[in-house]
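For reference, each letter of the sequence shown is one residue, going 1 to 273 in UniProt numbering.
Positions of the beta carbon are idealized from the N, C-alpha and C atoms, including for glycine.
From a predicted model like this one, the values you see are computed outputs, not experimental measurements.
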Amino acid sequence: MPDAREHVLDGTRGTVAVREWPHPRPRYLALLVHGYGEHAGRYEEVADVLVRHGASVWAPDHVGHGRSAGERVVIEDFEDVVTDVEAAAGLARAAHPGLPLVVVGHSMGGLVAARHAQRYGDTLAALVLSGPVIGAWETPGRLLAEAAVRGAVPKTPVSPAALSRDPAVGAAYAADPLVWHGPMKRPTLEAFVRTLETVAKGGDVGRLPILWLHGDDDRLVPLPGSRTGVERLSGGALTERVFPGARHEVFHETCKDEVFATLIRFLDTVLNR
Numbered sequence: 001m002p003d004a005r006e007h008v009l010d011g012t013r014g015t016v017a018v019r020e021w022p023h024p025r026p027r028y029l030a031l032l033v034h035g036y037g038e039h040a041g042r043y044e045e046v047a048d049v050l051v052r053h054g055a056s057v058w059a060p061d062h063v064g065h066g067r068s069a070g071e072r073v074v075i076e077d078f079e080d081v082v083t084d085v086e087a088a089a090g091l092a093r094a095a096h097p098g099l100p101l102v103v104v105g106h107s108m109g110g111l112v113a114a115r116h117a118q119r120y121g122d123t124l125a126a127l128v129l130s131g132p133v134i135g136a137w138e139t140p141g142r143l144l145a146e147a148a149v150r151g152a153v154p155k156t157p158v159s160p161a162a163l164s165r166d167p168a169v170g171a172a173y174a175a176d177p178l179v180w181h182g183p184m185k186r187p188t189l190e191a192f193v194r195t196l197e198t199v200a201k202g203g204d205v206g207r208l209p210i211l212w213l214h215g216d217d218d219r220l221v222p223l224p225g226s227r228t229g230v231e232r233l234s235g236g237a238l239t240e241r242v243f244p245g246a247r248h249e250v251f252h253e254t255c256k257d258e259v260f261a262t263l264i265r266f267l268d269t270v271l272n273r
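In structure tokens, the structure reads:
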């Protein structure tokens, strides 16, 4: 795969770093939307699969994440993040006009991608959601309730072991200097609560094809809560795949070959219509 290129956008709340994995003659565009506390660089393998499939792949670091500006992991309004994601999509379209665009969102990125689809769905060819924070996700409300009692948000960083059954994934995550390893912050928790409600009330995305990927042992974003949100979001063109024993990051799981095969089959169906 060609070396990644780096771009910088003027985002809604400061500069946004955007990574591009180029393809010499792409047949579609793929936009990767990363999760909480991480960054686009963790999606190298996903990008490689998509580039080999014919995609030009683009991925922004959200405000407060990775190489983008902002206080670490502080997101005051997810609508601004959605706007930044659309700006990254604009970069991709400017580089390759007229190609179909697929958005792939993981975890918090699934929430952002879902809201992006509600706002810009008529410009998309498909939406892929991996372990999405959507529907009934209790963590932010629970942490805010505890903060009200304690006077501070509890220190509950993401456990590397919750990401994948592959211990190398957790070890790399723990050693990554661009990953946030501290506690969640109040403005972000409050923004989560508001945006979960916004997406719940935002209506479905019509006939936009959706692929939902989830591990049935996801303890960070439990499957039943996501199901509520995904089924509400879908206008009927939903493909669902649950991976037995898989944890939160199915693209980094021990069954990732099966996950990637599922993704490619879905994209072939969508793009060959």
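Do you know offhand how far residue i's Cα is from residue j's?
i: His181; j: Pro132; result: 20 Å
i: Phe78; j: Gly110; result: 12 Å
i: Gly105; j: His214; result: 12 Å
i: Ala117; j: Glu240; result: 18 Å
i: Ala172; j: Ala95; result: 32 Å
i: Gly245; j: Ala88; result: 34 Å
i: Arg42; j: Leu238; result: 27 Å
i: Arg194; j: Glu76; result: 10 Å
i: Val153; j: Asp268; result: 44 Å
i: Phe266; j: Val149; result: 46 Å
Among residues of its own chain, excluding the 5 on either side of residue i, which ones have a beta-carbon nearer than 6 Å to its beta-carbon?
i: Glu258; result: none
i: Arg27; result: Gly54
i: Gly135; result: Gly225, Ser226, Thr228 and Gly229
i: His252; result: Ser164 and Val169
i: Leu50; result: Ala30 and Val57
i: Leu144; result: Leu189
i: Pro160; result: Gly170, Tyr173 and Ala174
i: Arg72; result: Gly64 and Trp180
i: Val46; result: Phe251
i: Pro187; result: Val74 and Glu76
By alpha-carbon positions, which one of the options ends up nearest to residue i?
i: Val205; options: Gly14, His23, Arg119 and Arg42; result: Arg119
i: Gly14; options: Gly121, Arg67 and Leu208; result: Arg67
i: Ala200; options: Glu231, Ala152 and Pro187; result: Glu231
i: Ser234; options: Leu127, Tyr36, Val33 and Pro22; result: Leu127
i: Lys185; options: Leu196, Pro167, Gly202 and Gly141; result: Gly141
i: Phe243; options: Gly236, Lys256 and Ala237; result: Lys256
i: Tyr36; options: Ala125, Gly90, Val74 and Leu271; result: Val74
i: Glu146; options: Leu189, Ala125, Val81 and Leu211; result: Leu189
i: Val82; options: Met108, Ala148 and Arg265; result: Met108
i: Pro209; options: Leu129, Leu91 and Val179; result: Leu129
i: Ala191; options: Tyr43, Pro183, Gly70 and Val112; result: Val112
i: Arg223; options: Asp80, Thr254, Glu44 and Glu138; result: The sequence given here has Leu at residue 223, not Arg. That would be Glu138, whose Cα lies nearest to the Cα of Leu223.
Is residue j closer than 8 Å to residue i when the C-beta atoms are compared?
i: Ala40; j: Pro24; result: no
i: Val63; j: Asp84; result: yes
i: Arg19; j: Ala30; result: no
i: Arg115; j: Thr12; result: no
i: Ala125; j: Leu271; result: yes
Who are the Cβ neighbours of residue i in its own chain at under 7 Å, not counting the five residues just before and after it?
i: Glu6; result: Ala17 and Arg19
i: Asp217; result: Gly245, Ala246 and Arg247
i: Leu162; result: In the sequence under discussion, the amino acid at residue 162 is Ala, which differs from the Leu named in the question. Closer than 7 Å at Cβ, skipping near neighbours: Arg219, Leu220, Arg247 and His248.
Kindly list the residues whose CB is nearer than 8 Å to the CB of residue i, restricted to its own chain and excluding five residues on each side of it in sequence; keep chain order.
i: Val250; result: Ser130, Gly131, Leu213, His214, Gly215, Phe243, Lys256 and Val259
i: Arg207; result: Gly235, Gly236 and Ala237
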